[in-house]
Amino acid sequence: MLNGSTFIRRELMIRIVRAFDDGTLETELDKIPIKLRPKNSISSRCCVYHDRAILKYRLMALLGVSVEDETDETKALSAYYAEKAWGGGTNETKPKTPLSVCGPACSGCPDAKVVSTPNCRGCFARPCVYNCPKKAISIVGGQSVIDQSLCIKCGKCITACPYHAIVKTSVPCEEACPVGAIRKNEHGVAEIDFARCIFCGKCFAACPFAAVMERSQLVDVLAAMKRGEKLVAMIAPAAEKQFPGKIEQLLAACAKAGFKDVMEVALGAEKTTEHETAEFIERMEKDQKTFMTTSCCPAWVNLVGKHMPDLIDHVSLTPSPMIYARELVKAKDPNAKTVFIGPCVAKRSEARRKDVDYVLSFEELGAILAGRKIDVIACEPWPVERPANPTARNYARSCGVTDAVLDEATSKIPGFKLNAKQINGIDKKTCTMVKLHASGKIPVNFLEVMACPGGCQNGPCSLS
Amino acid sequence: MDKIKVEVCCGTACYLLGAANLMSLEDMLPENCRGRVEVEAKTCLELCEKENLGGAPYVRFNDTEIMAQATPEKVLARISELVEGVA
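These protein sequence lines are chains A and B, in that order. For the first sequence, the residue numbers in this note's numbering are 1 to 464. For the second sequence, the residue numbers in this note's numbering are 465 to 551.
Here you go:
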């Protein structure tokens with residue numbers, strides 16, 4: 001969804017692409033914050049100087065630099081740009097952690113609590129008082145008052161009040177994080193504990209101050225293109241409906257933008273379906289009581305690895321569509337460099353582990369297209385050898401993997417039955433659901449987990 | 465009476481910066497404006513050069529009048545004014 005945060009991020013990306021193509025990026029970088037917030041202009045925060053300071057950090061993150069690691073505040077953006085070895089696709093040049101929190105942008109939101117507002121009419125029925133399981137609410141001077149030392153933030157009073165007088169304040173990043181990895185530090189500023197973080201990107205999408213930033217490989221990709229690296233764009237299945245026009249037109253737009261070859265990751269998904277189905281059948285033959293869970297969502301794989309070690313053996317060993325797509329590219333040309341383009345933050349961590357050279361978000365791809373004046377609808381469709389299977393393109397939707405596996409299995413074994421469950425979006429509640437499935441309390445043999453509600457198509461870096 | 469011409473820039477820059485929200489403008493037209501307006505999605509109108517990028521998305525009325533930072537609300541309000549002949 002477009003809002004002030006996405007607008008500024010996209011504007012900066014487009015400016016970077018334009019300046020890079022003009023050959024002026026190094027000198028332009030330090031001017032961008034001032035040009036966007038000249039003196040006497042309207043500021044988004046306390047003043048234009050605060051805005052400029054944060055714009056500098058945003059540009060740092062877009063250069064792939066970790067904002068937390070800043071040691072020299074006087075260092076200019078041009079210096080970061082000049083000293084960086086751009087691209088090459090080696091792990092040294094890939095950001096270690098895909099996310100970064102900009103302290104000066106963090107508003108230090110007050111701790112979440114349930115409070116009564118002046119909308120309270122001190123009514124006769126007092127459903128808030130009667131429904132509170134902790135007897136935390138009393139009426140003082142005709143107004144409800146919540147004793148914070150007793151309140152457990154269950155929210156029963158919020159739903160009970162006919163005047164909507166009770167509200168819950170929140171710390172959006174903490175509320176969005178399914179694993180408690182983002183917290184305010186001793187200075188009251190949000191900080192990510194990367195040992196816990198699963199890179200789902202929910203805090204990134206949730207922060208209304210846009211203090212959580214993605215560390216980009218945008219300039220790495222631009223530099224690699226300029227060096228003449230053979231970059232192959234691998235477009236995630238979630239690309240459908242991200243840009244106006246058809247997938248084939250988007251592929252053509254990528255080729256026009258400078259990628260040497262283009263392909264749908266859905267072709268890799270076809271292989272995932274084939275192997276994952278075979279793996280599932282084999283597992284069931286060995287042990288009918290066990291269950292298998294999907295491996296295509298990298299945030300889910302990170303969640304299991306960092307927080308649910310007991311489940312590791314249940315995660316499918318079948319590589320994700322991105323990895324099969326990479327194999328297809330490398331089989332065609334071993335010297336090709338792979339660029340995964342999708343809506344996902346966590347794919348950046350998977351790419352580091354699995355030798356995918358670059359990851360771009362749909363926003364970053366959009367910025368390259370915008371900077372190079374390429375309109376997807378104006379492109380002639382790319383002549384694909386064959387379009388990917390619809391069930392493979394469907395991987396981007398919740399239930400997509402389940403449907404694909406069921407389809408494949410029934411084609412092999414008529415009457416094949418799957419006791420499948422889907423976790424449609426990882427949050428604190430669904431983490432509990434996963435544990436119930438794992439413990440056998442809710443029987444299942446195929447558990448599909450997607451970190452984003454609705455699937456990848458609603459990923460944190462999706463356009464629509 | 466000539467129809468009012470509304471051109472929505474759907475160049476990739478405008479699309480990323482908000483034109484995606486203007487795609488269904490025609491369905492949002494109020495009763496009195498229907499049939500009197502011609503909404504057209506255009507490829508890049510080249511209005512977003514250099515410092516003008518922040519003004520995206522752009523909409524052009526009757527070939528001359530340019531609206532920056534267009535939102536469905538702003539565009540619909542201007543269409544109503546033009547239909548009613550206010551200005």
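By construction, the Cβ of each residue, glycine as well, lies at the ideal position given by its N, Cα and C atoms.
Reference residue i, options the options, closest by Cα
i, options, result
"A505 (chain B)", "B:L540, B:I543, B:P536, B:C473", "B:C473"
"V503 (chain B)", "B:F525, B:G475, B:N485", "B:F525"
"Y522 (chain B)", "B:L480, B:C497, B:E490, B:E548", "B:L480"
"A438 (chain A)", "A:T159, A:K84, A:E28, A:D313", "A:D313"
"C478 (chain B)", "A:E363, A:C379, A:V434", "A:E363"
"E385 (chain A)", "A:L267, A:K31, A:R121, A:K184", "A:L267"
"G305 (chain A)", "A:F259, A:E350, A:A278, A:A53", "A:E350"
"T338 (chain A)", "A:E229, A:A378, A:I374, A:G425", "A:E229"
"K421 (chain A)", "A:V434, A:R9, A:I413, A:D427", "A:V434"
"Q217 (chain A)", "A:M308, A:H307, A:Y358, A:L55", "A:Y358"
"A223 (chain A)", "A:G108, A:A181, A:Y81, A:T6", "A:Y81"
"P104 (chain A)", "A:E73, A:R126, A:K134, A:E92", "A:E73"
"E515 (chain B)", "B:D527, B:V501, B:A532, B:T528", "B:A532"
"N335 (chain A)", "A:D261, A:P387, A:R353", "A:D261"
"V405 (chain A)", "A:W382, A:E174, A:F446", "A:F446"
"V17 (chain A)", "A:K241, A:I32, A:S5", "A:I32"
"I281 (chain A)", "A:K156, A:A409, A:S138", "A:A409"
"T430 (chain A)", "A:N419, A:R52, A:E448, A:K241", "A:E448"
Beta-carbon proximity check, residue i vs residue j, cutoff 9 angstroms
i, j, result
"V115 (chain A)", "I166 (chain A)", "yes"
"E214 (chain A)", "A239 (chain A)", "no"
"A392 (chain A)", "P321 (chain A)", "yes"
"V356 (chain A)", "A299 (chain A)", "no"
"Y395 (chain A)", "P237 (chain A)", "yes"
"P110 (chain A)", "Q143 (chain A)", "no"
"L493 (chain B)", "A534 (chain B)", "no"
"V67 (chain A)", "V101 (chain A)", "yes"
"D60 (chain A)", "C297 (chain A)", "A small correction: the amino acid at residue 60 (chain A) is Met; Asp does not occupy that position in the sequence shown. Contact: no."
"C161 (chain A)", "C128 (chain A)", "yes"
"A181 (chain A)", "C197 (chain A)", "yes"
"E11 (chain A)", "A19 (chain A)", "no"
"T476 (chain B)", "K373 (chain A)", "yes"
"Y324 (chain A)", "A255 (chain A)", "no"
"I341 (chain A)", "M225 (chain A)", "no"
"P428 (chain A)", "P208 (chain A)", "It is Lys, not Pro, that sits at residue 428 (chain A) in the sequence shown. No. Outside cutoff."
"P343 (chain A)", "G459 (chain A)", "yes"
"E327 (chain A)", "K417 (chain A)", "no"
"E548 (chain B)", "N496 (chain B)", "yes"
"C461 (chain A)", "S361 (chain A)", "yes"
"V232 (chain A)", "I368 (chain A)", "no"
Residue i classed as buried or exposed, judged by whether at least 16 other C-beta atoms fall within 10 angstroms
i, result
"S398 (chain A)", "buried"
"L251 (chain A)", "buried"
"V469 (chain A)", "Because chain A here runs from 1 to 464, residue 469 (chain A) falls outside it and cannot be looked at."
"P453 (chain A)", "exposed"
"A541 (chain B)", "exposed"
"E276 (chain A)", "buried"
"D69 (chain A)", "exposed"
"F199 (chain A)", "buried"
"E380 (chain A)", "exposed"
"G188 (chain A)", "exposed"
"Y163 (chain A)", "exposed"
"C106 (chain A)", "buried"
"D22 (chain A)", "exposed"
"P95 (chain A)", "buried"
"A205 (chain A)", "buried"
"K332 (chain A)", "exposed"
"I247 (chain A)", "buried"
"R121 (chain A)", "exposed"
"P98 (chain A)", "buried"
"N3 (chain A)", "exposed"
Cβ of residue i within 9 angstroms of any chain C Cβ
i, result
"K35 (chain A)", "Note that chain C does not occur in the displayed structure, where the protein chains are A and B."
Alpha helix (DSSP H) runs contained entirely in the region 278–327 of chain A, provided each spans 4 or more residues: Here the runs fully enclosed are 298–307.
Entirely enclosed alpha helix (DSSP H) segments - the region 361–426 of chain A, minimum 4 residues: The region 361–426 of chain A contains these whole alpha helix (DSSP H) runs: 362–371, 390–393, 400–412.
Members of the region 515–538 of chain B near chain A, C-beta cut-off 9 angstroms: Taking 9 angstroms as the Cβ-Cβ cut-off against chain A, the residues of the region 515–538 of chain B that qualify are E515, L517, G518, A520.
Complete runs of the alpha helix (DSSP H) confined to the region 123–190 of chain A [at least 4 residues]: The region 123–190 of chain A contains, as complete alpha helix (DSSP H) runs of 4+ residues, the segments 127–131, 156–160, 172–176 (chain order).
Contact set between the region 479–491 of chain B and chain A, restricted to residues whose Cβ is under 8 angstroms from the partner: Interface annotation for the region 479–491 of chain B against chain A: Y479, L480, L481, G482, A484, N485, M487, criterion Cβ-Cβ distance under 8 angstroms.
4-residue-minimum alpha helix (DSSP H) runs that sit fully inside the region 55–93 of chain A, ordered along the chain: Here the runs fully enclosed are 77–83.
Under 9 angstroms (Cβ pairs) to chain A, residues found in the region 466–478 of chain B: Within the region 466–478 of chain B, the qualifying residues are C474, G475, T476, A477, C478.
Chain B contacts made by the region 370–382 of chain A, where a contact means CB separation under 9 angstroms: Under the 9 angstroms Cβ criterion, the region 370–382 of chain A contributes A370, G371, R372, K373, I374, D375, V376, I377, A378.
Members of the region 4–25 of chain A that neighbour chain B once the beta carbon cut-off is set at 7 angstroms: Those would be F7, R10, E11, I14, R15, in chain order.
Interface positions of the region 233–260 of chain A facing chain B (Cβ-Cβ less than 9 angstroms), listed along the chain: Taking 9 angstroms as the cut-off between beta carbons, the residues of the region 233–260 of chain A near chain B are F243, P244, A253, in sequence order.
Unbroken stretches of the beta strand (DSSP E), 3 residues or longer, contained in the region 90–118 of chain A: With a minimum length of 3 residues, the continuous beta strand (DSSP E) runs that stay inside the region 90–118 of chain A are 99–101, 114–116.
Contained beta strand (DSSP E) runs [length at least 3] in the region 198–241 of chain A, N- to C-terminal order: For the region 198–241 of chain A, whole beta strand (DSSP E) runs of length 3 or above, ordered along the chain, are 212–214, 231–235.
Contacting positions in the region 204–231 of chain A - beta carbon closer than 7 angstroms to chain B: Taking a C-beta cut-off of 7 angstroms against chain B, none of the residues of the region 204–231 of chain A qualify.
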